[in-house]
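Before any comments, here is the structure.
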Amino acid sequence: MLLTVLDLAGIAVFAASGALAGVAARLDLFGVVTVAVLTGLGGGVIRDVLLGLTPPTSLRRWPYLLAPVVVGLLVFAFHTWVTRLRRAIEWADAFGLALFATAGSGAALAAGAPGVTAVVVGLITAIGGGVIRDVLVGEVPQVLRREVYAVPALLGAAVVVVGHDMGLPPVPVAIGAAGLVLAVRIVAMLRGWNAPLPPAPRDRP
Amino acid sequence: MLLTVLDLAGIAVFAASGALAGVAARLDLFGVVTVAVLTGLGGGVIRDVLLGLTPPTSLRRWPYLLAPVVVGLLVFAFHTWVTRLRRAIEWADAFGLALFATAGSGAALAAGAPGVTAVVVGLITAIGGGVIRDVLVGEVPQVLRREVYAVPALLGAAVVVVGHDMGLPPVPVAIGAAGLVLAVRIVAMLRGWNAPLPPAPRDRP
Amino acid sequence: MLLTVLDLAGIAVFAASGALAGVAARLDLFGVVTVAVLTGLGGGVIRDVLLGLTPPTSLRRWPYLLAPVVVGLLVFAFHTWVTRLRRAIEWADAFGLALFATAGSGAALAAGAPGVTAVVVGLITAIGGGVIRDVLVGEVPQVLRREVYAVPALLGAAVVVVGHDMGLPPVPVAIGAAGLVLAVRIVAMLRGWNAPLPPAPRDRP
Numbered sequence: 001m002l003l004t005v006l007d008l009a010g011i012a013v014f015a016a017s018g019a020l021a022g023v024a025a026r027l028d029l030f031g032v033v034t035v036a037v038l039t040g041l042g043g044g045v046i047r048d049v050l051l052g053l054t055p056p057t058s059l060r061r062w063p064y065l066l067a068p069v070v071v072g073l074l075v076f077a078f079h080t081w082v083t084r085l086r087r088a089i090e091w092a093d094a095f096g097l098a099l100f101a102t103a104g105s106g107a108a109l110a111a112g113a114p115g116v117t118a119v120v121v122g123l124i125t126a127i128g129g130g131v132i133r134d135v136l137v138g139e140v141p142q143v144l145r146r147e148v149y150a151v152p153a154l155l156g157a158a159v160v161v162v163g164h165d166m167g168l169p170p171v172p173v174a175i176g177a178a179g180l181v182l183a184v185r186i187v188a189m190l191r192g193w194n195a196p197l198p199p200a201p202r203d204r205p
Numbered sequence: 001m002l003l004t005v006l007d008l009a010g011i012a013v014f015a016a017s018g019a020l021a022g023v024a025a026r027l028d029l030f031g032v033v034t035v036a037v038l039t040g041l042g043g044g045v046i047r048d049v050l051l052g053l054t055p056p057t058s059l060r061r062w063p064y065l066l067a068p069v070v071v072g073l074l075v076f077a078f079h080t081w082v083t084r085l086r087r088a089i090e091w092a093d094a095f096g097l098a099l100f101a102t103a104g105s106g107a108a109l110a111a112g113a114p115g116v117t118a119v120v121v122g123l124i125t126a127i128g129g130g131v132i133r134d135v136l137v138g139e140v141p142q143v144l145r146r147e148v149y150a151v152p153a154l155l156g157a158a159v160v161v162v163g164h165d166m167g168l169p170p171v172p173v174a175i176g177a178a179g180l181v182l183a184v185r186i187v188a189m190l191r192g193w194n195a196p197l198p199p200a201p202r203d204r205p
Numbered sequence: 001m002l003l004t005v006l007d008l009a010g011i012a013v014f015a016a017s018g019a020l021a022g023v024a025a026r027l028d029l030f031g032v033v034t035v036a037v038l039t040g041l042g043g044g045v046i047r048d049v050l051l052g053l054t055p056p057t058s059l060r061r062w063p064y065l066l067a068p069v070v071v072g073l074l075v076f077a078f079h080t081w082v083t084r085l086r087r088a089i090e091w092a093d094a095f096g097l098a099l100f101a102t103a104g105s106g107a108a109l110a111a112g113a114p115g116v117t118a119v120v121v122g123l124i125t126a127i128g129g130g131v132i133r134d135v136l137v138g139e140v141p142q143v144l145r146r147e148v149y150a151v152p153a154l155l156g157a158a159v160v161v162v163g164h165d166m167g168l169p170p171v172p173v174a175i176g177a178a179g180l181v182l183a184v185r186i187v188a189m190l191r192g193w194n195a196p197l198p199p200a201p202r203d204r205p
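Protein chains in written order, with UniProt numbering: chain A, 1 to 205; chain B, 1 to 205; chain C, 1 to 205.
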């Protein structure tokens, strides 16, 4: 029950970032809602397809579809106010990242996947929706370009797998892993950390 | 037999729209044919992967592959004439949309998926190929930007599912659902209906 | 053992082309490594998902993930030198193309897929990573735009399937098919062959 609520909260937050990107790209009503749905559910759908869990969980239950649709409609109607909330959404997005990374790797382990698969699947669950969002609106995915965003998700997924391999109880491990993702992501946001860019070609005489 | 012919007709029409987009993007021969194939088959392949029906049906039979290849070659060779047929292709595309939405949701129900999954899968089957087409040629998917295109597909898929839940015979329901998609799409085309754009920020004094 | 080494070599070469594209698009460290991983593994992951082999092989073993990560890091650090090696990478890429096309169609046959599926899956395995690479950095896929690249892959996959249907021993057939891909691709590179572009509209008086 609590897990479902947290799951829906993560979907809603990612859907809001998708809908905002759709508004910024001047999509129409249906486009904004579609990008919201694909951003909110995309990571989980890819996760389930990679694990062979078909049809994907989030396409089997009404609340999982309704949540991003409603968020998309609200953002469409009130986007000028939501844009002012962008800072709040960034914080909520960090929460979604933490939730999806740990839940994604946990789902992979529960499906019997080996540890390496669970780490990758956790990362893909966390960042997949955002990549879909950016490709749909014609941009190079943000996660590839700036900020420390994927690294905390990777860390969190790895902690879940290590905890599982060490036989630790899954719930405290998941909470600790999610806390780690949140902490690293929020510090990165507050300090404006960016991943390094490629070294420039050296000057020639 | 009739279903296969209708299926191939839908694939051919979508392949033609893909090939025309490829020509417009100045792709080479192989590029035009590839976009034609992916536009024609993409929606069905995603449908089958989401339902766990692998390898996807349309990759298992020669006619399903040959149809979009031949269409791609013909459009490549005669594109100046095909472009003049663009209006006819739009009408045929409405037919493909109707067919794919109803066949997609029907396939999902036949695979034992719940109703909500069948509605989403029907929609994805109908619009997936066009989204792939536009992403490949570097454009924001048309279905997200303009015109009433996805809504009739969604309606048709929903009618198939409601008919199934009410225990109605599937063939008349599918014909009715396809007719509804066609009717809404054609009225939207003739009247130039567009989905609403996001409200502009209000001016400030 | 030899197959694994060849497989890893193909992944490494494709990862290098992905990392170079990421550097050219001014991605950050994580972006360059991610594009390297997705370019190296993408074709094989799509292949396994289409065949229903989940989780995909390349997400189940550490070496398959570490190889493109290490290549991505090296290209990131030394990209000015690697760029000078671009000609060598093109040759190595032809080798990767040969390997992936034949291994992809072989894997499909081994999974019990029909011949038509094996040809398509072989082609997708060979070109899928490059398509993902180009879409992620915001470009129309190179394979659709220029050069004779997909045709040798298609030929190689077809030879594997024909050999299988004729009951020939798989290893010599695979070697011959890979040699054919290599030969056609290298001749195309050396001669600068390009696939034809769409015929221009005729002038009118």
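Note that CB positions come from ideal geometry on N, CA and C, so glycine has one too. Bear in mind that the values here come from a model prediction, so they are computed numbers and not experimental data.
query, result
"CB-CB length for residue 228 of chain A against T102 of chain A, believed under 8 Å", "Since the displayed chain A opens at 1 and closes at 205, residue 228 of chain A lies outside it and no answer follows."
"Own chain residues within Cβ distance below 8 Å of L20 of chain A, not counting five before or after", "V75, H79, V82, T83, R86 and I89"
"Given residue 208 of chain A as reference, the closest of A:E139, A:L99 and A:G179 once Cα atoms are compared", "Since the first residue shown for chain A is 1 and the last is 205, residue 208 of chain A is missing from the structure and cannot be characterised."
"Close-in-space but distant-in-sequence residues of the same chain around V187 of chain A (CB under 8 Å, 5 per side omitted)", "W193"
"T54 of chain B in three-state terms, based on DSSP", "coil"
"Interface partners of P198 of chain A on chain C, CB under 7 Å", "V23, V32, F76 and H79"
"For A200 of chain A and L144 of chain A, the rounded distance between their alpha carbons", "18 Å"
"DSSP-derived helix/strand/coil call for Y64 of chain B", "helix"
"Boundaries (first-last residue) of the alpha helix (DSSP H) holding L59 of chain A", "Run containing L59 of chain A: none; DSSP gives neither H nor E here."
"Alpha helix (DSSP H) segment containing M189 of chain C, residue limits", "P170 to R191"
"Interface flag, V71 of chain C vs chain A, CB-CB below 9 Å", "no"
"Residues that L29 of chain C contacts on chain A, provided the C-beta gap is smaller than 7 Å", "A195 and P196"
"Distance between V71 of chain A and L50 of chain B (C-alpha atoms, nearest Å)", "24 Å"
"Candidates A:A153, A:G129, A:G52 and A:L8, of which the one nearest R61 of chain A by Cα", "A:L8"
"Reduced DSSP secondary structure (H/G/I, E/B, other) of A15 of chain C", "helix"
"Chain A within 9 Å of G44 of chain B, Cβ atoms only", "no"
"Cβ shell of E147 of chain C (< 8 Å), same chain only, five flanking positions each side left out", "A188, M189, W193, N194 and A195"
"Burial state of T125 of chain C, where buried means 16 or more other Cβ atoms lie within 10 Å", "buried"
"Below-9 Å beta-carbon distance, L190 of chain A vs any chain B residue", "no"
"Interface flag, L144 of chain A vs chain B, CB-CB below 9 Å", "no"
"Integer Cβ distance of A113 of chain B from P55 of chain A, believed to fall under 8 Å", "5 Å"
"7 Å Cβ cut-off: residues of chain C touching W62 of chain B", "V116"
"Supposed contact pair L182 of chain A and V159 of chain A - C-beta distance, whole angstroms, cut 8 Å", "Not really, about 12 Å apart at Cβ, beyond 8 Å."
"Range of the contiguous alpha helix (DSSP H) that encloses E90 of chain A", "R86 to A110"
"Cβ shell of L123 of chain C (< 6 Å), same chain only, five flanking positions each side left out", "A153, L154 and A157"
"Assumed close pair L41 of chain A, S17 of chain A - CB separation to whole angstroms, cut-off 8 Å", "About 13 Å separates the two Cβ atoms, so there is no contact after all."
"Min CB distance P141 of chain C to chain B below 9 Å", "yes"
"Alpha carbon of G10 of chain B to alpha carbon of V45 of chain B, nearest angstrom", "14 Å"
"Beta strand (DSSP E) runs contained entirely in the segment 133-162 of chain B, provided each spans 3 or more residues", "none"
"Three-state secondary structure (DSSP) of D203 of chain B", "Its pLDDT being 49, under 50, D203 of chain B is placed unreliably by the model, and the measurement read from it follows with that caveat. Note: D203 of chain B maps to coil in three-state DSSP."
"Neighbour-count burial assignment, I38 of chain C, 16 or more Cβ in a 10 Å radius", "Rather than Ile, the amino acid found at residue 38 of chain C in this sequence is Leu. Its Cβ being crowded by 16 or more others within 10 Å, L38 of chain C is buried."
"CB contact check: A108 of chain B to chain A, cutoff 9 Å", "yes"
"Nearest-angstrom beta carbon gap, P141 of chain C and L136 of chain B [assumed within contact, 8 Å]", "6 Å"
"Any chain B beta carbon closer than 9 Å to V161 of chain C", "no"
"Below-9 Å beta-carbon distance, G52 of chain C vs any chain B residue", "yes"
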